[in-house]
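Residue numbers (my numbering): 5 to 228.
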Ligand code: SF4
């Protein structure tokens, strides 16, 4: 399929989906090309497992904005937004799947959530102590680049331990790209992301996008 036929909301200049003027949508807009999918997606919100979740997420979203005499201002950083949402949902037991490289952050988050009345189950990514050779890594493909034990990240185990604990809701803290995907594919309960790992930017990948210019020119060079 040619690029100009793909759904490209990220490159859309119309953005009529945020208004009531949807008749002005472009021919490639999913509101034009995928009406059936949109209808069936909308029907899913009526399911009991999604209805309250979607409703409370949007209520929480609104409550992260405060009206002041000078206009809207943002309140509730994500840590606060997350536990306020979990309280709205009536959750009691939260699962934390974290990267061992962010153990301090996981510990602080655990304490905050416990202080707010939640039971917290947490599992680090190296759980299982399995050498990376088990998933086919050669010595030179390890971080150490040496033929010695290096524990693999084990996101499937993290997911299954939290599944077994029957957590109400899970929170990801700093799993690597791909390890997070495996976790999300294998976990049973709905999961939110607190921290995405970015080793270079202090876990703020958007910083690279905001820094567009000479420092990150390589990101905009075309490759086939
Ligand atoms: S849904 Fe349609 S109008 Fe909205 S961003 Fe996507 S292409 Fe643009």
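Idealized CB from N, CA, C, for every residue including glycine.
Here the structure is a predicted model, which is why all the values come from computation and not from measurement.
Might you give, ordered along the chain, the residues of its own chain that have their beta carbon closer than 8 Å to the beta carbon of residue i, omitting 5 neighbours on each side?
i	result
residue 11	32, 33, 34, 37 and 38
residue 18	28, 29, 30 and 33
residue 106	177, 178, 199, 201 and 207
residue 150	143
residue 57	93 and 194
Just grab the DSSP bridge partners of residue i for me.
i	result
residue 175	100 and 196
residue 135	155
residue 125	99
residue 76	71
For the putative contact between residue i and residue j, defined by C-beta atoms under 8 Å, what is the C-beta separation to the nearest angstrom?
i	j	result
residue 102	residue 129	7 Å
residue 194	residue 173	6 Å
residue 70	residue 79	5 Å
residue 110	residue 89	Not a contact, Cβ separation roughly 19 Å.
residue 212	residue 220	6 Å
residue 192	residue 167	5 Å
residue 169	residue 99	6 Å
residue 190	residue 160	5 Å
Within its chain, find whatever has a CB closer than 6 Å to the CB of residue i; leave out the 5 residues flanking it on each side and keep chain order.
i	result
residue 97	123, 171 and 172
residue 120	87
residue 20	26, 28 and 29
What does a CB cutoff of less than 7 Å around residue i pick up in its chain, not counting 5 residues either side in sequence?
i	result
residue 77	70
residue 208	202
residue 68	78, 79, 80 and 85
residue 82	198
residue 48	54
residue 153	135
residue 162	101, 127, 129, 131 and 187
residue 138	156
At a threshold of 7 Å, does residue i count as lining the ligand ATP (C-beta to nearest heavy atom)?
i	result
residue 18	Among the ligands modelled here, namely the ligand SF4, the ligand ATP does not occur.
Could you confirm whether any beta carbon from chain C is found closer than 8 Å to the beta carbon of residue i?
i	result
residue 23	Among the protein chains of the structure shown there is no chain C, as only one such chain exists.
Please determine if the stretch 113-128 and the stretch 164-184 are in contact, where contact requires at least 3 C-beta pairs separated by less than 8 Å.
yes
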